[in-house]
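In what follows, a structure is listed as structure tokens, so that the remarks can point back to it.
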Amino acid sequence: MDEIRHSLATDLDGSFQAVVEQMSTRIYWGLRRISADHQEAEDLTQETFIRAYKALGSYDSQRIRDMKLEPWLWTIALNLGRNQMRDRSRRPTYVELEDSGIDDPEVADGRAWDQRLNCLNGHQRTAVVLRHVSGLGIGDIAEATGRPEGTVKADIHRGLAKLREIMEDER
Amino acid sequence: MSIETQLSKLMGDIPDGMTEGIALGTGLADGYDLYESAIGDVVVTFNPMGVSSLDIADDGFAGRFSDRFERGLLRATAPSSWGKHIPAAIEAGRPGKIPVDLRSITAFQADVLGRTATIPRGEVRPYAWLAKEVRRPNAVRAAGSAVAKNPIPLIIPCHRVVRADGHIGNYSLGGPDNKYDLLEHEGTNPNWLEGLAVKHVRLHGDTSTGVVCHPTCHRVRAANQGDVTDFRSLQEAQDEGFRLCEICRPT
Numbered sequence: 085m086d087e088i089r090h091s092l093a094t095d096l097d098g099s100f101q102a103v104v105e106q107m108s109t110r111i112y113w114g115l116r117r118i119s120a121d122h123q124e125a126e127d128l129t130q131e132t133f134i135r136a137y138k139a140l141g142s143y144d145s146q147r148i149r150d151m152k153l154e155p156w157l158w159t160i161a162l163n164l165g166r167n168q169m170r171d172r173s174r175r176p177t178y179v180e181l182e183d184s185g186i187d188d189p190e191v192a193d194g195r196a197w198d199q200r201l202n203c204l205n206g207h208q209r210t211a212v213v214l215r216h217v218s219g220l221g222i223g224d225i226a227e228a229t230g231r232p233e234g235t236v237k238a239d240i241h242r243g244l245a246k247l248r249e250i251m252e253d254e255r
Numbered sequence: 003m004s005i006e007t008q009l010s011k012l013m014g015d016i017p018d019g020m021t022e023g024i025a026l027g028t029g030l031a032d033g034y035d036l037y038e039s040a041i042g043d044v045v046v047t048f049n050p051m052g053v054s055s056l057d058i059a060d061d062g063f064a065g066r067f068s069d070r071f072e073r074g075l076l077r078a079t080a081p082s083s084w085g086k087h088i089p090a091a092i093e094a095g096r097p098g099k100i101p102v103d104l105r106s107i108t109a110f111q112a113d114v115l116g117r118t119a120t121i122p123r124g125e126v127r128p129y130a131w132l133a134k135e136v137r138r139p140n141a142v143r144a145a146g147s148a149v150a151k152n153p154i155p156l157i158i159p160c161h162r163v164v165r166a167d168g169h170i171g172n173y174s175l176g177g178p179d180n181k182y183d184l185l186e187h188e189g190t191n192p193n194w195l196e197g198l199a200v201k202h203v204r205l206h207g208d209t210s211t212g213v214v215c216h217p218t219c220h221r222v223r224a225a226n227q228g229d230v231t232d233f234r235s236l237q238e239a240q241d242e243g244f245r246l247c248e249i250c251r252p253t
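Residue numbers (the numbering used here), protein chains in the order written: chain S, 85 to 255; chain F, 3 to 253.
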């Protein structure tokens, strides 16, 4: 991680693709479990990285070396998700791959879990997904969501408890 | 299996094309698509800043693109806001509503190409005219090399720029034959232009109005042919009391 920040600070264009490769899986699947929508998660992931690239281009190298990349990317992703919910029609148009967004790489049980996660409130769902699907630490989730660590812990605790209840009901 | 373990298995592969989509969206790679033109199929490349290049659609275009621009190239669809205007821009020989990405050349060269884009369809201008238009009348060679570096031929109509001696000259997009074909397609007779060059005729004056023009300027071409007189230089026309056409601003 330190290495990638260093190369981003010195050669943004040459190393950004490595950031995408390293982090896009966790961001896509996190967004996918939060939004329960393949197309929305794909669009948001792309937009997150495009915004991140533009922002990094305007930062000086010291700022890039000091930043925590993954929670920062998640801050962008979650903000975009909120704005997207507010206004779906005002999306910018980009150069797009000729046949993008057709194949859905859904995992086994994905849909069932989306239904269960849907019973959680927004904060709980985001915190549980970031912690246990995307694998972020409590501190990073607090930074990404702008909520105190104690609150994040409580969100995760309550969210998992509710999921446990739902699973018991399913039996 | 605990809930935490089950949740941790809810990640799969990333969707096909997503990484490429990010490369296109950031401009780290350009997209390309194929279009028809008067000289055959062409490849147009684009990125969020605009159209970045146009080339002949042969087996070597991807290699030439990466050699020149040092970016990746992916088959893509141009941004919906202006992509639909690309075919019209190719046919008209004018960027019109299409943004162009000229980062690959210098500000002076971009300036020259900006003036090139104002040459009307069916007309031609010499390099010296471009140099004068960008207020660098002595930079004729530099203007010539700017035109030679035009990354977006056809849309930026460098085929409408001819040599100082009036000969049609070379053409970056597949050679001089294509330049002939394009000029003909636009209603300029290349053989007529070559004939004028052989006779050292650079300008045409309209004796009924006393105005001197480039031979292809629509103003002098609309004149009664009996009133049109040949000039070998601007000096010659001015010595006879002709004034410069304010439309084609002859050099």
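Ideal Cβ placement from N, Cα and C applies to all residues, glycine included.
Under 8 Å between beta-carbons, which chain F residues line up against residue i? List them in chain order, please.
| i | result |
| --- | --- |
| T210(S) | Those do not exist, as T210(S) stays about 13 Å from chain F at its closest Cβ, beyond 8 Å. |
| M107(S) | Per Cβ cutoff of 8 Å: no residues; M107(S) is ~10 Å from chain F at best. |
| E190(S) | G14 |
| Y112(S) | I16, P17, M20 |
| I134(S) | I24, G27, T28 |
How is the alpha helix (DSSP H) around residue i delimited, first residue to last?
| i | result |
| --- | --- |
| I58(F) | Careful: I58(F) lies outside any alpha helix (DSSP H), inside the beta strand (DSSP E) at 52-58. |
| T229(S) | 222-229 |
| T28(F) | 20-28 |
| V213(F) | V213(F) -> not in any alpha helix (DSSP H); beta strand (DSSP E) instead, spanning 213-215. |
| Q199(S) | 194-201 |
| I134(S) | 122-142 |
| A238(S) | 233-254 |
Please name the residue in the options whose C-alpha comes closest to that of residue i.
| i | options | result |
| --- | --- | --- |
| G171(F) | I154(F), H187(F), S147(F) | S147(F) |
| E242(F) | V126(F), G207(F), R223(F) | G207(F) |
| L115(S) | D18(F), L12(F), P50(F) | L12(F) |
| L36(F) | T218(F), T28(F), F63(F) | F63(F) |
| L104(F) | A119(F), D229(F), P153(F) | P153(F) |
| Q106(S) | T129(S), H122(S), D121(S), R117(S) | T129(S) |
| M51(F) | E6(F), R73(F), E72(F), I100(F) | I100(F) |
| W194(F) | P159(F), R223(F), P89(F), G177(F) | R223(F) |
| V200(F) | R165(F), R251(F), S83(F) | R165(F) |
| A196(S) | L96(S), H90(S), R117(S), E154(S) | R117(S) |
| E72(F) | L9(F), V46(F), A31(F) | A31(F) |
| Y137(S) | D193(S), H122(S), L92(S) | L92(S) |
| D253(S) | A211(S), W113(S), R200(S), I240(S) | R200(S) |
| G243(S) | V212(S), A226(S), A228(S), G221(S) | V212(S) |
| V44(F) | Q237(F), L156(F), A150(F) | L156(F) |
| V214(F) | G197(F), D179(F), H202(F), S235(F) | S235(F) |
| Q240(F) | C160(F), V114(F), H161(F), L205(F) | L205(F) |
| R154(S) | A228(S), H241(S), K246(S), R255(S) | This sequence places Glu at residue 154(S); Arg is not what is there. Comparing Cα-Cα distances from E154(S) to each of A228(S), H241(S), K246(S), R255(S), the minimum goes to A228(S). |
| F100(S) | I250(S), H216(S), A139(S) | A139(S) |
| H161(F) | F244(F), G65(F), A59(F), E93(F) | E93(F) |
What residue range does the beta strand (DSSP E) around residue i cover?
| i | result |
| --- | --- |
| Y37(F) | 31-37 |
| T210(S) | Note, T210(S): premise wrong, no beta strand (DSSP E); alpha helix (DSSP H) at 206-212. |
| F233(F) | 230-233 |
| N49(F) | 44-49 |
| G207(F) | 205-208 |
| V136(F) | Here V136(F) belongs to no beta strand (DSSP E), and DSSP marks it neither H nor E. |
| A78(F) | 74-79 |
Given that residue i touches chain S, what residues does it touch there, using C-beta distances under 8 Å?
| i | result |
| --- | --- |
| D103(F) | By Cβ distance, chain S contributes nothing, its closest Cβ being about 11 Å from D103(F), past 8 Å. |
Kindly give me the distance between the Cβ atoms of residue i and residue j, rounded to whole angstroms, as I take these residues to be in contact under 8 Å.
| i | j | result |
| --- | --- | --- |
| S108(S) | I16(F) | 5 Å |
| F48(F) | A80(F) | 5 Å |
| I88(S) | V104(S) | With a Cβ gap of about 11 Å, I88(S) and V104(S) do not count as contacting. |
| V163(F) | T118(F) | 6 Å |
| L75(F) | S68(F) | 7 Å |
| P178(F) | L198(F) | About 17 Å; that fails the 8 Å criterion. |
Going along chain F, which residues have a C-beta under 9 Å from residue i?
| i | result |
| --- | --- |
| G194(S) | L12, G14 |
| D187(S) | P17, D18, G19 |
If the cut is a Cβ gap below 7 Å, which residues of chain F does residue i touch?
| i | result |
| --- | --- |
| E126(S) | P17, M20 |
| T159(S) | Chain F residues near T159(S): none, gap ~18 Å exceeds 7 Å. |
| L247(S) | I5 |
| H216(S) | E6, L9, S10 |
Just the chain S side, please: which residues come within less than 9 Å of residue i by C-beta, in chain order?
| i | result |
| --- | --- |
| I92(F) | What I92(F) touches in chain S: nothing, since even the nearest Cβ is about 18 Å away. |
| G52(F) | Within chain S, no residue comes near G52(F); the closest Cβ sits about 10 Å away, beyond 9 Å. |
Legend entry - Cβ contact (3+ pairs, closer than 8 Å) linking the segment 144-153 of chain S and the segment 123-133 of chain S: No: the two stretches stay apart, fewer than three of their Cβ pairs being nearer than 8 Å.
Inset, instruction - Would you be able to state if there are at least three C-beta pairs under 8 Å between the segment 123-132 of chain F and the segment 185-200 of chain F? - result: yes
Inset, instruction - Flag this pair as touching only if the segment 52-61 of chain F and the segment 159-167 of chain S have three or more C-beta atom pairs under 8 Å; answer yes or no. - result: no
Inset, instruction - Taking 8 Å as the threshold, find out whether the segment 202-212 of chain S comes into contact with the segment 20-28 of chain F through three or more Cβ pairs. - result: no
Inset, instruction - Assess, as a yes-or-no matter, whether the segment 224-237 of chain S is touched by the segment 3-11 of chain F under the definition of 3 or more beta carbon pairs within less than 8 Å. - result: Between the segment 3-11 of chain F and the segment 224-237 of chain S, the count of C-beta pairs closer than 8 Å stays below three; the two stretches do not touch.
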